[in-house]
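Asker: Attaching a single structure in structure tokens format; questions to follow.
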Amino acid sequence: MGKWPILDKIEMIDGRIDEKTYEHDLAKLQRHLLDLQVHHLRTGGRVVIGLDGWDAAGKGGLIERLVAGLEPKSTHVWRIGAPTPEEQGRHYLWRFWQRLPPPGNWAIFDRTWYGRVLVERIEGLCSVEAWKRAYHEINEFEHELTDDGVRIVKILVHVSAEEQKRRMIDRLSKPHKRYKVGLEDFRNIAKRKEYLEAYDDMLERTDTDHAPWHVIASDDKMHARLTGLKIVAEEVGKGVELTEQTLDPAIAEAAFKLWGWMPDDGKKDKKNGKKS
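The opening residue of the sequence shown carries number 11 in my numbering; numbering runs sequentially from there.
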């Protein structure tokens, strides 16, 4: 208890990273994330990355940079909205069980299974007993996944009220960004105090050793994106020793027969035809 400060008191970082440094660090992190993903492809590991936070906090931009360097066929981004008619008659966690990644894959959730203790709590879409019970259910859900070897990374993207207002007005001012704004956004913003309380409760009651929370202050977008990718790399890379993948001898032989190609460390000596 007491680990988390009141969410709206978290200091907003103004790193003032220059564009060149940002692009360099971003590319480096993306290469490292791809190395980690290839490791999971080889070993059958599974990764679940969940992002929650305010409207216009920057979740979409963070996800865009996260997936930009990954192998697309093994990366699945799930944008979570209101339950479909099929999902409404089932336990709220059912639709998330259906979206868990198969071996070797990464699943990224744009909003998560925490809707029960956030929007459903605030909007009265479930009973008080239901959302209070959900803390235990969610902890058990995550525990089952980590016990089964799934790596879980949970990120809450936080933005100040003033910066959120500026970004929302920017979206409204630009026709190509207006699709991002809906009436529900204004309803949510008007209930910021209630959401702050719900977020604080969520952090306090579901921050566990096996699935800890990471809060990113996102008023500075570039700093927030780099921080988010670092968190994913650190959490997914725990206990992972990255090694260079060896070339299957059968594949090398097939390449030599078809193209006369051999790896640099196995080139044939031109004089005697033997490997040097």
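C-beta atoms are modelled at their ideal positions from N, C-alpha and C, and glycine is treated no differently.
Evaluate T94 with the Cβ neighbour count: other Cβ atoms within 10 Å of its Cβ, from every protein chain shown; 16 or more gives buried, anything less gives exposed.
Answerer: By the 10 Å Cβ count, T94 comes out exposed.
Asker: Taking the runs of the beta strand (DSSP E) that are 3 residues or longer, which of them lie wholly in the stretch 144-187?
Answerer: 160-168, all fully within the stretch 144-187.
Asker: Got a sec? Which residues, its chain only, sit under 6 Å from V160 by beta carbon, not counting five neighbours each side?
Answerer: Counting only Cβ-Cβ distances below 6 Å, and skipping sequence neighbours, we find R56, V58.
Asker: Please state whether DSSP places D279 in a helix, a strand or coil.
Answerer: Caution is warranted here: a pLDDT of 43 is assigned to D279, below 50, making its placement in the model unreliable, and no coordinate value can be reported.
Asker: Out of I199, L135, I162, state which residue places its alpha-carbon closest to the alpha-carbon of R176.
Answerer: Ranking the options by Cα distance to R176, first place goes to I199.
Asker: Exposed or buried, which one is E29 when buried takes at least 16 other CB atoms within 10 Å?
Answerer: Per the 10 Å Cβ criterion, exposed.
Asker: With a floor of 4 residues, list each alpha helix (DSSP H) that falls wholly inside the stretch 42-118, ordered by position along the chain.
Answerer: Counting whole runs of 4 or more residues, the stretch 42-118 contains the alpha helix (DSSP H) stretches 69-78, 95-98, 104-107.
Asker: Would you call the CB atoms of S228 and V167 closer than 7 Å?
Answerer: Yes, these two residues count as a Cβ contact at 7 Å.
Asker: Let me confirm a value: T53 is counted as buried when at least 16 other C-beta atoms fall within 10 Å, else exposed. Which label applies?
Answerer: Exposed: under 16 other Cβ atoms inside 10 Å.
Asker: Helix, strand or coil: which one does DSSP assign to W223?
Answerer: W223: strand per DSSP, three-state reduction.
Asker: Please state the DSSP three-state secondary structure of D229.
Answerer: Here D229 sits in coil by DSSP.
Asker: For A144, which residues in the same chain have their Cβ closer than 6 Å to its Cβ, ignoring the five residues on either side in sequence?
Answerer: Closer than 6 Å at the Cβ level, and outside the excluded window around A144, lie R126, V127.
Asker: Which value, in whole angstroms, describes the spacing of the CA atoms of K13 and H220?
Answerer: Cα-Cα distance, rounded: 16 Å.
Asker: Would G249 be called buried (16 or more neighbouring beta carbons within 10 Å of its own) or exposed?
Answerer: It counts as exposed.
Asker: Sorted by chain position, which residues of the same chain lie with C-beta nearer than 7 Å to I132's C-beta, five sequence neighbours on each side aside?
Answerer: If we look at I132 and ignore the five residues flanking it on each side, its Cβ neighbours are K201, E204, Y205, A208.
Asker: Helix, strand or coil for D120? Go by DSSP, reduced to three states.
Answerer: Three-state DSSP puts D120 in a strand.
Asker: On the premise that A171 lies in contact with L43, defined as a C-beta separation below 8 Å, what is that separation, rounded to the nearest angstrom?
Answerer: In fact, because the Cβ distance is near 32 Å, the residues do not count as touching under 8 Å.
Asker: Does the stretch 257-267 come close enough to the stretch 180-199 to have 3 or more Cβ pairs within less than 8 Å?
Answerer: These segments do not touch.
Asker: Could you have a look at R26 and say whether DSSP puts it in helix, strand or coil?
Answerer: The answer is coil: DSSP assigns R26 none of H, G, I, E or B.
Asker: Label R89 either buried or exposed according to how many other C-beta atoms from any shown protein chain fall within 10 Å of its C-beta, with 16 as the threshold for buried.
Answerer: Classification of R89: exposed, given that the 10 Å Cβ count is below 16.
Asker: With respect to the alpha helix (DSSP H) encompassing P259, which residues constitute its N-terminal and C-terminal limits?
Answerer: Element bounds for P259: 259-269.
Asker: In terms of residues, what are the limits of the alpha helix (DSSP H) holding V129?
Answerer: Note, V129: alpha helix (DSSP H), 129-132.
Asker: Output the distance between the C-alpha atoms of H34 and D210, rounded to the nearest integer angstrom.
Answerer: Approximately 35 Å, taken between the alpha carbons.
Asker: Between which two residues does the alpha helix (DSSP H) harbouring M272 extend?
Answerer: Premise fails: M272 is in no alpha helix (DSSP H) and is neither H nor E.
Asker: So, under 8 Å CB-CB, N149 and T216 are touching, yes? Tell me the CB distance rounded to an integer number of Å.
Answerer: N149 to T216, Cβ: 6 Å. Contact.
Asker: Can you tell me whether DSSP reads I16 as helix, strand or coil?
Answerer: Coil, per DSSP.
Asker: From the DSSP output, in three-state form, read off Q255 for me.
Answerer: If DSSP states are grouped into helix, strand and coil, Q255 belongs with coil.
Asker: What's the gap between the Cα of E152 and the Cα of A262?
Answerer: About 42 Å.
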